Every structure is written in C-alpha cells, then in structure tokens.
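Engineer: Under the numbering used here, the first residue of the first sequence is numbered 7, with each subsequent residue one higher.
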Amino acid sequence: MEDDAMEIQQLLAVPENEENLYECLGGTFGHDTHLMGYEFDSLINQDGAASVQKMFTDYEMEDYLEPSMLGCFLAPWRRRSRRGNHMRRSSWRLEVRQLFGSQYPCTRGGGKCRSRKNNDHWTEDEMIELLDGVSRKGIGRWSKVKGDYFSTSIRTAVHLKDKWRNLVRACKKAKNASKKKVNVQKATEVVVRRFRHRILALEAKHLGQKEK
DNA sequence: CTAGGGTTACGG
DNA sequence: CCGTAACCCTAG
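The structure is reproduced here in structure tokens:
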C-alpha cells in the first residue's frame with residue numbers, strides 16, 4: 007500500500023515543462039495522441055494507476071517519457087473531451103484526485119494545499135515581472151516580454167496579454183471601489199494596491215499613443 | 001503576432 | 001449564485 011502510494015505520487019508528479027511532453031508526443035505519435043488519451047480514460051476508470059502504467063509500457067513510451075510526465079499527459083485529451091479545448095487543468099486534477107486518492111495536491115477542498123509548480127494562477131512575483139517587462143518593453147510587445155522575461159515560463163505571450171488586461175481591469179475597479187467590495191484574488195489584490203498607479207499610468211500612456 | 005470578444009472554472 | 005481569472009478563438 008505504501009509502495010502504491012509512492013508509485014502514484016510519482017506517476018502524478020507534475021513535469022518541469024509540459025512543452026517537452028507535447029514535443030515528445032507530437033514527434034512520436036502525431037495526431038493520434040488524443041486517441042490514446044481516450045484509451046487512457048477508459049483504462050483509468052477500470053483499475054487506476056496500474057492500467058496507466060501498462061499503457062505506458064505497451065506504447066513503448068519509456069524511451070521518450072519520464073513516468074512523472076504521465077500525470078501531465080492526461081491534460082490534452084481531457085481538454086478535448088467537450089466542445090473544443092475547454093476542460094481546465096484543475097478540473098482533471100480533481101478527477102484524478104478522486105480516482106487515485108486524496109494525496110494528490112489540489113487547490114480546493116479545505117485544509118492545507120501543497121503548492122504546486124506551474125500553478126495556473128498567477129503569483130505575485132509573476133505579476134511584478136510582467137509589470138517590469140511591460141514598463142520596459144511597452145504594452146503590446148507581448149512576444150518581446152515573453153522572450154525577455156518569461157522565456158522559461160509556461161506563460162505565453164497571449165497569457166501575458168490576458169493577465170495584463172485583467173490587471174488593468176482590477177486596477178480600474180479598485181479605483182472606483184465605492185460601494186461593492188470587489189472580488190479579487192489575494193495576490194492580485196496586493197499587486198493592485200502597490201502598483202495601481204503605475205499600471206494605470208502605463209495604460210493611459212498607451213491609449214494616448216494609440217490616439218495619434 | 002496582437003486585440004478583443006467569448007467561454008468556463010474558481011472562489012467569495 | 002455571481003463576479004473574476006484564466007484561457008480559447010480568430011480576424012486582421
């Protein structure tokens with residue numbers, strides 16, 4: 007039992023960099039990747055980690071993948087399961103957690119939550135990094151900011167753009183925070199409090215430049 | 001590649 | 001239950 011727990015932990019560990027996984031699979035299995043995903047799905051529902059591991063060896067993936075990447079491998083097909091790519095990572099994590107037991111870290115569910123790598127939610131540091139990048143490179147130069155400040159990060163240029171948009175919105179709301187207490191994440195709230203003026207100034211300048 | 005509208009999960 | 005954050009889609 008102890009061994010099983012260890013094994014599952016290992017199977018479900020989050021890889022350093024998801025991109026490696028996609029590269030591996032893309033190069034090796036091409037477009038069949040998601041089909042394999044469905045097969046994984048049924049196997050997992052049958053008898054858990056053992057099946058996943060069997061699958062792993064049946065497809066001779068050992069040469070290409072670390073076992074620890076397996077957890078991540080569950081992502082791409084989950085995301086395809088309904089209307090396009092709409093399932094979220096935390097969602098399949100929850101399902102995996104239900105299937106394999108509660109030792110798998112989770113963002114919700116009360117009690118302590120072990121922090122995990124590549125958390126979907128932005129950390130304060132990331133936001134500060136983003137602000138730094140934007141103030142040097144300028145708003146709209148997302149791929150530049152990505153290259154210079156987030157080259158090793160999961161965040162893509164689009165993510166940066168989206169996060170900036172969210173930050174600006176949060177800042178504007180905080181500014182007119184007359185009545186309703188605005189619902190903001192803790193990390194975001196801290197950043198907004200500290201950098202609201204700088205963010206809004208940058209944004210205003212950017213809008214001003216667009217006018218001309 | 002970016003802007004901006006659209007969709008879904010999260011969390012108070 | 002509703003607003004926000006994260007992420008997707010795609011025209012230009």
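Ideal Cβ positions, reconstructed from N, Cα and C, are used throughout, including at glycine.
What you are looking at is a predicted structure, and each value in this text was computed from that prediction instead of being measured.
Can you look up Glu72 in the DSSP assignment and give me helix, strand or coil?
Structural biologist: Because the pLDDT at Glu72 is just 42, under 50, the model does not fix this residue reliably, and the point stays unresolved.
Engineer: Kindly give me the distance between the Cβ atoms of Ile134 and Val197, rounded to whole angstroms, as I take these residues to be in contact under 8 Å.
Structural biologist: Right, their Cβ atoms sit about 7 Å apart.
Engineer: Going by the CB atoms, is the gap between Thr194 and Glu176 shorter than 8 Å?
Structural biologist: One detail in the question is off: residue 176 reads as Ala in this sequence, not Glu. The answer is yes: Cβ separation under 8 Å.
Engineer: Since Phe201 and Leu136 are thought to touch, with beta carbons under 8 Å apart, how far apart are those beta carbons, to the nearest angstrom?
Structural biologist: In fact, because the Cβ distance is near 10 Å, the residues do not count as touching under 8 Å.
Engineer: Report the rounded CA-to-CA distance for His165 versus His127, giving the unit in angstroms.
Structural biologist: His165 and His127: Cα-Cα distance of roughly 11 Å.
Engineer: Please identify the residue among Gly214, Glu132, Gln191 and Ala210 whose C-alpha is closest to the C-alpha of Ile160.
Structural biologist: The shortest Cα separation from Ile160 among Gly214, Glu132, Gln191 and Ala210 belongs to Glu132.
Engineer: Trp148 to Lys167, Cα distance in whole Å?
Structural biologist: Distance between the alpha carbons of Trp148 and Lys167: 6 Å.
Engineer: Following the continuous alpha helix (DSSP H) through Trp148, name the residue where it begins and the one where it ends.
Structural biologist: Unbroken alpha helix (DSSP H) run through Trp148: Trp148 to Tyr155.
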